[in-house]
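Peer 1:
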Amino acid sequence: MSTSLLSRTPAPNFASVNFLKQHINDTLSFYRPRAYDPNGGFYHYYKDDGAVYDTAHRHLVSATRFVFNWVCAWQHTGDATYVEWAHHALVELDTRFKTPAGDYVWTVNAQGVEDARVMAYGQAFVLLAKSHAYRAKLCSAQDVASVFERMNTQFFEPAHLAYADERSASGELSHYRGQNANMHMCEACLAAFEATGEQRYLDRAQDLANTFALHLAQQGRQPIWEHYHLDWTPDWRYNIDTPGDIFKPWGYQTGHQTEWAKLLLNLFEHTHNQALVNTAQALHDAAYLAGWDALNGGLIYGYAPDGTPCDTDKYFWVQAETFASSWRLWRATGEQRYLTQYHHTWSWAWAHLVDHQHGAWFRIVDAQGAKLEDTKSPAGKVDYHTMGACWDVLRVGGLD
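First residue of the sequence shown: 11, per the working numbering; consecutive thereafter.
Below you can see the structure in the form of structure tokens.
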């Protein structure tokens with residue numbers, strides 16, 4: 011337990027550089043003493059107090075997000091140890107997850123490959139990891155390109171300007187189509203462009219933004235649906251009985267609307283296309299209107315097409331992506347309501363989701379903010395969303 015964590019009260023100035031940097035350090039301090047596995051990579055599974063509850067299992071999403079975390083930590087602190095750690099994470103990624111064909115499997119354990127499916131969601135995060143590794147001179151531009159090109163071969167559907175979702179261990183392509191992998195591929199392509207300067211990555215990010223935020227979301231007047239049939243028509247019933255699914259939940263996802271808004275505003279930095287700002291506003295505004303819990307505060311996980319909540323639990327990443335999109339919209343438009351939303355979202359998360367005793371964020375609480383579990387970081391979390399949102403706000407600037 012660290013004695014230097016920011017306390018819950020009094021509430022800090024959430025719009026200050028010093029606060030964001032200290033909070034990132036508090037989050038890193040949860041992982042620093044216990045994450046490194048001398049036998050390779052990093053441990054992926056943590057209880058609230060930092061206890062590692064599974065030392066052997068590894069998930070592709072956590073493995074890639076650790077590369078992102080350590081490179082970003084190095085960029086913002088200058089501490090070369092983080093470059094060494096990013097390299098340590100990258101070695102495990104390429105030795106334990108990578109197949110001879112150039113794909114990356116979903117999970118591994120002490121015996122080897124556990125789940126050999128090739129998921130577009132996971133491959134997108136490999137591209138994100140490689141793009142950041144390139145910034146730290148841990149891989150080449152060709153390494154970045156190889157992941158992108160393999161992703162295109164395995165999943166891209168030119169007629170729809172979108173990526174399919176999943177291949178089985180035997181290589182069979184699933185009929186399921188979804189927005190989530192494409193959203194993260196947009197994110198990864200932006201990172202690849204910003205790292206290498208290669209225009210094709212920016213072009214693909216624009217393709218995906220147009221497909222999902224404009225075409226499939228009916229020109230930005232409707233939120234972005236999660237699930238689609240083979241022909242990219244909405245599948246309104248997929249996972250209808252599991253609105254709390256981690257990767258493929260039913261319903262409109264509050265956090266995915268605001269995450270798309272954030273990405274559109276990132277894309278705006280490079281294209282100066284005002285339509286991206288307008289669409290980002292439409293997505294963010296719809297999500298905040300339906301997702302903000304007026305009674306208890308905080309943003310719910312998901313809501314039905316008629317606007318009624320379908321999962322009222324509060325997830326860490328939903329709050330993080332929303333304060334990031336709020337800040338970007340405040341900076342892009344100057345509209346005071348977005349600054350207010352930034353502070354409201356942070357205030358609720360600070361009171362209910364940030365662990366002021368051990369560091370990092372709790373994964374999930376109920377509608378009233380009560381804890382539901384003692385697992386801080388299961389597969390895929392590692393506080394990529396929370397630190398990433400803070401780094402994004404720092405990048406945009408305009409802070410005290």
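Beta carbons: idealized from backbone N, C-alpha and C, even for Gly.
1) For H69, does the three-state DSSP call read helix, strand or coil?
2) To the nearest angstrom, how far is the alpha carbon of S150 from that of L299?
3) Can you tell me whether R347 is buried or exposed? The criterion is at least 16 other CB atoms within 10 Å of its CB, across all chains shown.
4) Measure the alpha-carbon distance for W95 versus F107 and round it to whole angstroms.
5) Take S141 and list the residues in its own chain whose beta-carbon comes closer than 7 angstroms to its own, dropping the five residues that flank it on each side.
6) Classify M11 as buried or exposed, calling it buried when 16 or more other Cβ atoms lie within 10 Å of its own Cβ.
7) By the 10 Å Cβ neighbour count, where 16 or more other Cβ atoms means buried, how is P20 classified, buried or exposed?
8) Which first and last residues belong to the alpha helix (DSSP H) in which N249 is found?
9) Do H282 and F326 have their beta-carbon atoms positioned less than 9 angstroms apart in this structure?
10) With the cut-off set at 9 angstroms, would you say L226 and Q267 are in Cβ contact?
11) Touch check for the segment 350-360 and the segment 331-338: three-plus C-beta pairs under 8 angstroms?
12) Using the three-state DSSP reduction, which class does Y114 fall into: helix, strand or coil?
13) Of all the options H69, S39 and H185, which has the alpha carbon lying nearest to the alpha carbon of E167?
14) Determine the contact status of G51 and V101, defining contact as a CB-CB distance below 9 angstroms.
15) Please classify S12: does DSSP put it in a helix, a strand, or coil?
16) Among M129, T243, C400 and P48, which one has its Cα closest to the Cα of R66?
17) Can you tell me the Cα-Cα spacing of G408 and R341, whole angstroms?
18) Take every Cβ of the segment 300-311, pair it with every Cβ of the segment 239-246, and state whether three or more of those distances are shorter than 8 angstroms.
19) The beta strand (DSSP E) that contains E124, what's its start and end?
20) Are T289 and A215 close, meaning C-beta to C-beta below 9 angstroms?
21) In the DSSP assignment, the alpha helix (DSSP H) including A400 goes from what residue to what residue?
22) Specify, as a first and last residue, the run of the beta strand (DSSP E) that N62 falls within.
23) May I ask which residues mark the beginning and end of the beta strand (DSSP E) holding S336?
24) Assess, as a yes-or-no matter, whether the segment 65-79 is touched by the segment 123-142 under the definition of 3 or more beta carbon pairs within less than 8 angstroms.
25) Between V375 and F24, what straight-line distance do the alpha-carbon atoms span, to the nearest angstrom?
26) How would you write the range of the alpha helix (DSSP H) that D321 sits in, first residue to last?
27) Express the C-alpha separation of A146 and G88 in angstroms, rounding to a whole number.
28) Using a Cβ-Cβ cut-off of 8 angstroms (strictly less than) and excluding sequence neighbours within five positions of L16, which residues of its own chain qualify?
29) Kindly indicate the opening and closing residues of the beta strand (DSSP E) around K258.
30) I'd like the span of the beta strand (DSSP E) that includes K272, first residue to last.
31) Between the Cα of Q121 and the Cα atoms of E279, R68 and A99, which residue gives the shortest distance?
32) Give every residue of the same chain whose Cβ lies closer than 7 angstroms to the Cβ of G207, excluding the five residues on either side of it in the sequence, and list them in chain order.
33) Apply the 10 Å Cβ neighbour rule to E383 and answer buried if 16 or more other Cβ atoms are within range, or exposed otherwise.
34) Leaving out five residues before and five after A45 in sequence, what residues of the same chain have Cβ atoms less than 7 angstroms from its Cβ?
35) If you check the beta carbons only, do K391 and D58 fall under 9 angstroms apart?
Peer 2: So, from the data block:
1) Correct three-state label for H69: strand.
2) The alpha-carbon atoms of S150 and L299 are separated by roughly 44 angstroms.
3) Exposed, since its Cβ has fewer than 16 Cβ neighbours within 10 Å.
4) Straight across, the Cα-Cα distance linking W95 with F107 is about 17 angstroms.
5) V154, A198, A201, A202 and A205.
6) Bear in mind that the predicted position of M11 carries a pLDDT of just 36, short of 50, making it unreliable; the figure below should be weighed with that in mind. Residue environment for M11: exposed (fewer than 16 other C-beta atoms within 10 angstroms of its C-beta).
7) By the neighbour-count rule (16 or more Cβ atoms within 10 Å), P20 is not buried but exposed.
8) No alpha helix (DSSP H) holds N249; DSSP gives it neither H nor E.
9) Not in contact: F326 and H282 (Cβ atoms no closer than 9 angstroms).
10) In this structure, Q267 does not lie closer than 9 angstroms to L226 by Cβ.
11) The count of Cβ pairs closer than 8 angstroms, one atom from the segment 350-360 and one from the segment 331-338, reaches three, so the stretches are in contact.
12) The answer is strand: DSSP assigns Y114 an E or B state.
13) Out of H69, S39 and H185, H185 has the C-alpha closest to the C-alpha of E167.
14) Closer than 9 angstroms, so yes.
15) Only weak support exists for where S12 lies, its pLDDT of 43 falling under 50; the coordinates are left without a value.
16) Note that residue 66 is Ala in the sequence shown, not Arg. In this structure, P48 is the residue among M129, T243, C400 and P48 with its C-alpha nearest to the C-alpha of A66.
17) For G408 and R341, the distance between alpha carbons rounds to 7 angstroms.
18) Under the 8 angstroms Cβ criterion, the segment 300-311 does not count as touching the segment 239-246, having fewer than three qualifying pairs.
19) DSSP places E124 inside the beta strand (DSSP E), whose first and last residues are G122 to D125.
20) Going by C-beta atoms, T289 is not nearer than 9 angstroms to A215.
21) In the sequence under discussion, the amino acid at residue 400 is Cys, which differs from the Ala named in the question. It spans Y394 to V406 - the alpha helix (DSSP H) in which C400 sits, taken as one unbroken run.
22) Per the sequence shown, residue 62 should be read as Val rather than Asn. First-last of the beta strand (DSSP E) with V62: V62 to D64.
23) Unbroken run through S336 is the alpha helix (DSSP H), F326 to T343; no beta strand (DSSP E).
24) Between the segment 123-142 and the segment 65-79 there are three or more inter-stretch CB-CB distances shorter than 8 angstroms, so the stretches are counted as touching.
25) Those two C-alpha atoms are separated by around 21 angstroms.
26) D321 -> not in any alpha helix (DSSP H); beta strand (DSSP E) instead, spanning P319 to D321.
27) Taking the CA atoms as reference points, G88 sits about 11 angstroms from A146.
28) Within the same chain, L16 has close Cβ partners P22, F29, Q32, H33, D36 and H366.
29) Annotation for K258: no beta strand (DSSP E) segment contains it, and DSSP assigns it neither H nor E.
30) For K272, there is no enclosing beta strand (DSSP E); the residue is part of the alpha helix (DSSP H) that begins and ends at T264 to T281.
31) That would be R68, whose Cα lies nearest to the Cα of Q121.
32) Excluding sequence neighbours, G207 sits near nothing in its chain.
33) Answer is exposed; the Cβ neighbour count stays below 16.
34) Here the set comprises F52 and Y53.
35) In terms of Cβ geometry, K391 and D58 do not form a close pair [threshold 9 angstroms].
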